[in-house]
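S.K.: Below you will find the structure I want to go over with you.
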Amino acid sequence: MRASRLLSVLLLLQNRGRMTAEELAEELEVSVRTVYRDIDALSSSGVPVYADRGRTGGYRLVDGYRTRLTGLTEEEAQSLSLAGLPVAAAELGLGTVLAAAQLKLYAALPQELRDRAGRVAERFYLDVPGWHRGIESLPVLSAVADAVWSSRRIRIRYERWGQRVVERDVEPLGLVLKAGNWYLAGRCDGTDRTYRISRVLELTDLGEEFERPAGFDLAKYWQEWSEQFERRMFPRVAVVRLSPRAQALVPFYAGSVGTRALRECRNEPDADGWLTVELPVEPGEPAIGELLRFGPHLEVLEPADLRAELAAAIEEMGAFYG
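In full-length UniProt numbering, the protein residues as written are 1 to 322.
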């Protein structure tokens, strides 16, 4: 552990130039006293590290000194695939590993490329979770990821919809991060299934390795599962008229399902710009709430029962506000 930290100190000074003991301690998540000991150890081993005194001082390497000790460990190499997702890497237990890998990668780059990489990090940032949603607490995520890496069977206690708890033996095949939520793609009783990680109440590593199915494509599986999930979530189709204002609001109020319906619509707007669209909707009361969001900018034409339900809801609201 200390050897890895000493290399991190060396690479930080090489990449960033002068740094104070406090800055190094914050970066490495250690005490300032530990930094002092690490600097002494580097100096004793022949690394030309110097201390500049004064208020603007700090530690630095002698000009022109560079180390070639930049070899990536297996974990660090794997973590580079998450370089654009620091929050995801941290949730998977790879936060510090990713930081070390990036540091070694930067150290191996020529100065010009290091400067350009730094400018990219200053100008672009990816924030995964959606608006108005907190980050879920996922105590089992790291263990699930470990089982995925090593192809080991796990047993989970899982809370299904309706708060029914079941127990399943799963062969974990992959993890997917969708709109801030983590999902596990796994094989159970010979069938590929999807589990939302936040609903995994308990996990046991069975200590048994399994053979991954030949040709399993995680991206393809997720795309197919997502399409099936959307069909289950939106089993009804409402024929609606949308004003130009409603058409602009579809991505915000009806999400990707509504956006796709609008994009695939082959009808032409009428003289006032209203467009007739076949819009997938949820069953029961949720559909009423979703459609009411559009206010007077949406009219349901079919089915008749949905139009009647919407009219009754509007009449009830009108009577309430009197």
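Think of the CB as a built atom: it goes at the ideal place given N, C-alpha and C, for glycine as much as any other residue.
Between the Cα of Val257 and the Cα atoms of Leu275, Arg241, Arg232, which residue gives the shortest distance?
M.R.: Considering only alpha carbons, the answer is Arg232.
S.K.: Are Arg245 and Glu299 close, meaning C-beta to C-beta below 8 Å?
M.R.: In this structure, Glu299 does not lie closer than 8 Å to Arg245 by Cβ.
S.K.: Excluding sequence positions up to five away, which residues of its chain have a Cβ less than 6 Å from the Cβ of Val35?
M.R.: For Val35, where only same-chain residues beyond five positions count, the Cβ hits under 6 Å are Ala21, Leu24, Ala25.
S.K.: Looking only at its chain, what residues have a beta carbon closer than 8 Å to the beta carbon of Tyr158, apart from the 5 residues adjacent to it on each side?
M.R.: The answer, listed in chain order, is Val165, Val166, Glu167, Arg168, Tyr195, Arg199, Val200, Leu201.
S.K.: Apply the 10 Å Cβ neighbour rule to Ser243 and answer buried if 16 or more other Cβ atoms are within range, or exposed otherwise.
M.R.: Answer is buried; the Cβ neighbour count reaches 16.
S.K.: Whose C-alpha, out of Val170, Val49, Ala254, Gln163, is nearest the C-alpha of Glu282?
M.R.: Out of Val170, Val49, Ala254, Gln163, Ala254 has the C-alpha closest to the C-alpha of Glu282.
S.K.: Assuming contact is defined by CB atoms lying nearer than 8 Å, are Leu275 and Ala287 in contact in what I supplied?
M.R.: Cβ distance not < 8 Å, so Leu275 and Ala287 don't count as in contact.
S.K.: Would you identify the three-state DSSP class for Cys265, choosing helix, strand or coil?
M.R.: Coil.
S.K.: Do you know offhand how far Phe294's Cα is from Phe252's?
M.R.: Roughly 10 Å between the two C-alpha positions.
S.K.: Roughly how many angstroms separate the alpha carbons of Glu278 and Glu309, rounded to a whole number?
M.R.: Each residue's Cα considered, the two are about 18 Å apart.
S.K.: From Gln247 to Leu262, what distance separates their C-alpha atoms?
M.R.: Going from the Cα of Gln247 to the Cα of Leu262 covers about 8 Å.
S.K.: Which of the three DSSP states, helix, strand or coil, is assigned to Val49?
M.R.: The answer is strand: DSSP assigns Val49 an E or B state.
S.K.: Between Gln223 and Pro139, what straight-line distance do the alpha-carbon atoms span, to the nearest angstrom?
M.R.: Near 27 Å, if we compare the C-alpha coordinates of Pro139 and Gln223.
S.K.: For Thr34, does the three-state DSSP call read helix, strand or coil?
M.R.: It is helical.
S.K.: Using the beta-carbon count (16 or more within 10 Å), is Gly186 buried or exposed?
M.R.: Answer is buried; the Cβ neighbour count reaches 16.
S.K.: Does the distance from the CB of Val47 to the CB of Tyr59 come in under 8 Å?
M.R.: No, these two residues do not count as a Cβ contact at 8 Å.
S.K.: Runs of 3 residues minimum, wholly inside the stretch 256 to 313: which ones carry the beta strand (DSSP E) assignment?
M.R.: Counting whole runs of 3 or more residues, the stretch 256 to 313 contains the beta strand (DSSP E) stretches 275 to 281, 298 to 302.
S.K.: Measure the C-alpha to C-alpha separation of Glu171 and Leu184 and round it to an integer number of angstroms.
M.R.: Distance between the alpha carbons of Glu171 and Leu184 is about 10 Å.
S.K.: Please classify Gly318: does DSSP put it in a helix, a strand, or coil?
M.R.: If DSSP states are grouped into helix, strand and coil, Gly318 belongs with the helices.
S.K.: What does the alpha-carbon distance come out to for the pair Pro280 and Asp272?
M.R.: Each residue's Cα considered, the two are about 24 Å apart.
S.K.: Counting only the same chain and skipping the five closest in sequence on each side, list residues whose C-beta sits under 7 Å from that of Gly17.
M.R.: Here the set comprises Arg60.
S.K.: Would you grab the beta carbon distance between Glu209 and Arg152 for me? Rounded to a whole angstrom, and I think it's under 8 Å.
M.R.: Indeed they touch by this definition, with Cβ atoms about 6 Å apart.
S.K.: In this structure, how does DSSP classify Val237 when only helix, strand and coil are distinguished?
M.R.: Strand at Val237.
S.K.: Going by the beta-carbon positions, is the gap between Trp182 and Leu175 smaller than 8 Å?
M.R.: Yes, these two residues count as a Cβ contact at 8 Å.
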